[in-house]
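Chemist: Quick one: structure below, then a few questions.
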Amino acid sequence: MEVTVVGAGVIGLVTALALEQRGHRVRIVAAETGDATTSAVAGAVWFPYRAGPKHAVAAWAARTRDWLEQLARDAPEAGVDVLAGYEITREEDDDGERPWWAANIDVERTPAPVTGAPPAWRFRAPRAEPARFLPYLASRLAAPIERRAVIDLAAERGDIVVNCTGLGARELVGDDALFPLFGQVAIADRGDVDLGVTITDHRVAGDGSELFYVIPRRDSLVLGGCSRPYPPGAPVELDRELTARVVAHARALGLAIGAIRRERAGLRPYRAEVRIARDGRVVHHYGHGGAGFTLCWGCAEEVVRWVER
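The sequence shown maps to residues 181 to 489 in the working numbering.
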């Protein structure tokens with residue numbers, strides 16, 4: 181079967197790879213690639229965040245975690261490493277039950293490796309470095325990416341067209357249920373922070389719009405963050421106060437981070453439920469919120485099933 185995948189972020193690339201592995205002839209069309217995509221700004225650590233529905237997300241995330249861990253073992257050039265992940269929650273939110281996102285993985289309650297925090301959920305957390313991972317995925321594909329904007333999915337050739345346009349789907353298919361969530365990160369020198377540990381702290385804001393995380397890469401740290409509703413179509417602007425808050429939070433936790441190298445901001449494509457659905461010869465695949473890297477392979481397998489129906 182000939183399939184056109186529209187979009188070259190992590191969702192588009194992984195979907196194309198899964199389809200090729202099933203023997204389909206795949207071409208990719210995208211207006212932006214590599215560092216220009218939303219995926220390039222991501223912390224890219226495994227953690228189901230701002231995505232639904234919960235039962236499906238937990239299953240997709242578990243399948244993706246297995247795939248990422250295999251890449252960490254077999255393809256070091258992909259930029260995937262397995263870290264120890266810690267999720268710190270507010271004490272009033274701790275009911276002693278396993279978190280919903282851990283329905284299909286092993287987690288344990290353990291002291292957090294930081295100052296002044298309650299016990300945290302500990303789990304294995306694969307992390308991909310976008311600057312390595314996205315080119316690795318592109319290199320595994322048989323066909324080069326065709327760079328151009330797509331304005332009409334029905335006009336694209338192929339037996340099936342898979343819509344992996346992320347936030348662009350809001351205008352492309354008129355989906356008002358999809359909207360942007362602002363996110364911002366600061367890239368810092370390692371300092372004395374353990375590069376084998378990633379920490380998320382949800383105690384910053386009660387509504388979930390503000391949080392803190394530190395995600396190590398192989399030679400630096402990614403610090404964040406927030407998840408704020410953002411006006412559709414508005415230009416993305418850096419929030420300098422956010423970086424100051426994140427740095428202060430890191431130091432309050434006793435994390436000896438190094439100097440800030442740069443800041444980056446982007447918009448997550450949020451939808452209350454990830455859309456994987458077929459409409460004629462078009463299969464829609466978007467709305468992964470803050471969990472694109474976390475869900476990419478599990479969701480791609482789901483798309484393959486829709487394509488082959």
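For every residue, glycine included, the Cβ atom is placed at its ideal position computed from N, Cα and C.
When the Cα atoms are used, what is the spatial distance from valine 262 to tryptophan 226?
Modeler: Against the sequence shown, residue 262 aligns to sequence position 82. Against the sequence shown, residue 226 aligns to sequence position 46. So the two alpha carbons sit approximately 9 Å from each other.
Chemist: Looking at the unbroken alpha helix (DSSP H) that takes in tyrosine 316, where does it start and where does it end?
Modeler: Counting from 1 along the sequence shown, the entry for residue 316 is found at position 136. It spans 310-320 - the alpha helix (DSSP H) in which tyrosine 316 sits, taken as one unbroken run.
Chemist: Histidine 204 lies in the alpha helix (DSSP H); which residues open and close that run?
Modeler: The count along the sequence shown starts at 1 and reaches residue 204 at position 24. No alpha helix (DSSP H) holds histidine 204; DSSP gives it neither H nor E.
Chemist: To test your reading of the DSSP string, which unbroken beta strand (DSSP E) runs of 3 or more residues are found completely within the stretch 279-309?
Modeler: 288-290 and 300-308
Chemist: State the start and end residues of the unbroken beta strand (DSSP E) segment that holds threonine 378.
Modeler: Position 198 of the sequence shown, counting from 1, holds the residue named residue 378. If you look at threonine 378, you'll find it in the beta strand (DSSP E) that goes 377-381.
Chemist: From leucine 403 to leucine 433, what does the alpha carbon distance come to, in whole angstroms?
Modeler: As a working mapping, residue 403 is identified with position 223 in the sequence shown. As a working mapping, residue 433 is identified with position 253 in the sequence shown. In a straight line, the C-alpha of leucine 403 is about 13 Å away from that of leucine 433.
Chemist: Going by C-alpha to C-alpha distance, which of Gly470, Pro293 and Gly472 sits closest to aspartate 374?
Modeler: Locating residue 374 in the sequence shown gives position 194, counting from the first residue. Aspartate 374 has its Cα closest to that of Pro293, out of Gly470, Pro293 and Gly472.
Chemist: Need the endpoints of the beta strand (DSSP E) that cysteine 406 sits in, please.
Modeler: For the purposes of this step, residue 406 is taken as residue 226 along the sequence shown, with counting starting at 1. Start and end: 401-406.
Chemist: Please state the DSSP three-state secondary structure of proline 412.
Modeler: Numbered from its first residue, the sequence shown carries residue 412 at position 232. Coil.
Chemist: With respect to the beta strand (DSSP E) encompassing aspartate 254, which residues constitute its N-terminal and C-terminal limits?
Modeler: To locate residue 254, count along the sequence shown from 1; it is residue 74. Segment 234-254 is the alpha helix (DSSP H) holding aspartate 254; no beta strand (DSSP E) there.
Chemist: With distance defined between alpha-carbon atoms, name the residue in Ala439, Thr380, Gly363 and Asp419 nearest to aspartate 372.
Modeler: The residue you call residue 372 lines up with position 192 of the sequence shown. The candidate whose alpha carbon is nearest that of aspartate 372 is Ala439.
Chemist: With contact counted as at least three CB pairs below 8 Å, one residue from each stretch, are the stretch 320-337 and the stretch 198-211 in contact?
Modeler: Taking a cut-off of 8 Å for Cβ pairs, the stretch 320-337 and the stretch 198-211 touch, as three or more such pairs fall below it.
Chemist: Please report the Cβ distance between tryptophan 240 and glycine 469, rounded to the nearest whole angstrom; I am assuming they are in contact, meaning their Cβ atoms lie under 8 Å.
Modeler: Here residue 240 refers to the residue found at position 60 of the sequence shown. Here residue 469 refers to the residue found at position 289 of the sequence shown. 12 Å between Cβ atoms; not a contact.
Chemist: So what does DSSP say about alanine 215, is it helix, strand or coil?
Modeler: Along the sequence shown, read from residue 1 onward, the residue named residue 215 stands at position 35. Before going further, note that residue 215 is aspartate rather than alanine in the sequence given. DSSP places aspartate 215 in helix when its eight states are reduced to three.
Chemist: How many angstroms separate the CA atom of threonine 378 from the CA atom of tyrosine 393?
Modeler: Residue 378 sits at position 198 when you count from the first residue of the sequence shown. Residue 393 sits at position 213 when you count from the first residue of the sequence shown. Taking the straight line joining both Cα atoms gives about 7 Å.
Chemist: Under the assumption that isoleucine 367 contacts arginine 448 (Cβ atoms under 8 Å), give the Cβ distance between them as a whole number of angstroms.
Modeler: Along the sequence shown, read from residue 1 onward, the residue named residue 367 stands at position 187. Along the sequence shown, read from residue 1 onward, the residue named residue 448 stands at position 268. So it is not a contact: roughly 18 Å between Cβ atoms.
Chemist: Per DSSP, what kind of secondary structure is threonine 269 in: helix, strand or coil?
Modeler: One-based indexing of the sequence shown puts residue 269 at position 89. Here threonine 269 sits in coil by DSSP.
Chemist: How long is the line joining the alpha carbons of leucine 391 and glycine 363, rounded to whole angstroms?
Modeler: Translated into the one-based positions of the sequence shown, residue 391 becomes position 211. Translated into the one-based positions of the sequence shown, residue 363 becomes position 183. Going by the C-alpha atoms only, they are around 11 Å apart.
Chemist: Quickly, what does DSSP pair valine 185 with across the bridge? List them, please.
Modeler: Against the sequence shown, residue 185 aligns to sequence position 5. Answer is Ile208 and Val342, bridged to valine 185.
Chemist: Run the CB neighbour count on histidine 235, radius 10 Å, all protein chains shown included, and call it buried at 16 or more, exposed below.
Modeler: Start at 1 with the first residue of the sequence shown, and residue 235 comes out as number 55. Exposed, because fewer than 16 other Cβ atoms sit within 10 Å of the Cβ of histidine 235.
Chemist: Can you tell me the Cβ-Cβ gap for alanine 231 and alanine 329, rounded? I've got them flagged as a contact below 8 Å.
Modeler: By 1-based counting over the sequence shown, the position of residue 231 is 51. By 1-based counting over the sequence shown, the position of residue 329 is 149. Going by Cβ atoms, the distance from alanine 231 to alanine 329 rounds to 26 Å, so no, they are not a contact pair.
Chemist: Which partner residues does phenylalanine 392 have in the DSSP bridge list?
Modeler: Along the sequence shown, one-based indexing puts residue 392 at 212. Note: phenylalanine 392 sits in a beta bridge opposite Asp381.
Chemist: For the beta strand (DSSP E) holding glutamate 443, just list the boundary residues, first then last.
Modeler: The sequence position of residue 443 within the sequence shown is 263, counting from 1. Note, glutamate 443: beta strand (DSSP E), 440-459.
Chemist: Give the secondary structure of phenylalanine 362 by DSSP, where H, G and I count as helix, E and B as strand, and everything else as coil.
Modeler: Start at 1 with the first residue of the sequence shown, and residue 362 comes out as number 182. In this structure, phenylalanine 362 counts as strand in the three-state DSSP scheme.
Chemist: Quick check: the stretch 458-473 against the stretch 338-348, are at least 3 beta-carbon pairs closer than 8 Å?
Modeler: yes
Chemist: Go through its chain and collect everything with a Cβ distance to alanine 436's Cβ below 7 Å, but skip five positions before and after it.
Modeler: The count along the sequence shown starts at 1 and reaches residue 436 at position 256. Taking C-beta separations shorter than 7 Å and ignoring five residues to either side along the sequence, the partners of alanine 436 in its chain run Gly371, Asp372 and Val373, following chain order.
Chemist: In chain order, what residues of the same chain have a beta carbon less than 8 Å from the beta carbon of proline 412, not counting five sequence neighbours either side?
Modeler: Here residue 412 refers to the residue found at position 232 of the sequence shown. Answer for proline 412: Arg350, Phe359 and Pro360, listed in chain order.
Chemist: Measure the beta-carbon distance from glutamate 182 to glycine 338 and round it to whole angstroms, keeping in mind my assumption that it falls under 8 Å.
Modeler: Translated into the one-based positions of the sequence shown, residue 182 becomes position 2. Translated into the one-based positions of the sequence shown, residue 338 becomes position 158. Glutamate 182 to glycine 338, Cβ: 5 Å. Contact.
Chemist: With DSSP as the reference, identify every bridge partner of alanine 424, one or two as the case may be.
Modeler: Translated into the one-based positions of the sequence shown, residue 424 becomes position 244. Beta-bridge pairing links alanine 424 to no other residue.
Chemist: Name the residue from Val185, Ala238, Ala311 and Arg458 whose alpha carbon lies nearest to the alpha carbon of glutamate 200.
Modeler: Here residue 200 is taken as the residue at index 20 of the sequence shown, counted from 1. Sorting Val185, Ala238, Ala311 and Arg458 by C-alpha distance to the C-alpha of glutamate 200 places Val185 at the top.
Chemist: Would you decide whether alanine 224 is buried or exposed? Buried here means 16 or more other CB atoms lie within 10 Å of its CB.
Modeler: What you label residue 224 is simply residue 44 of the sequence shown in a count that begins at 1. By the Cβ-count criterion, alanine 224 is buried, with 16 or more other Cβ atoms from all chains shown falling within 10 Å of its own Cβ.
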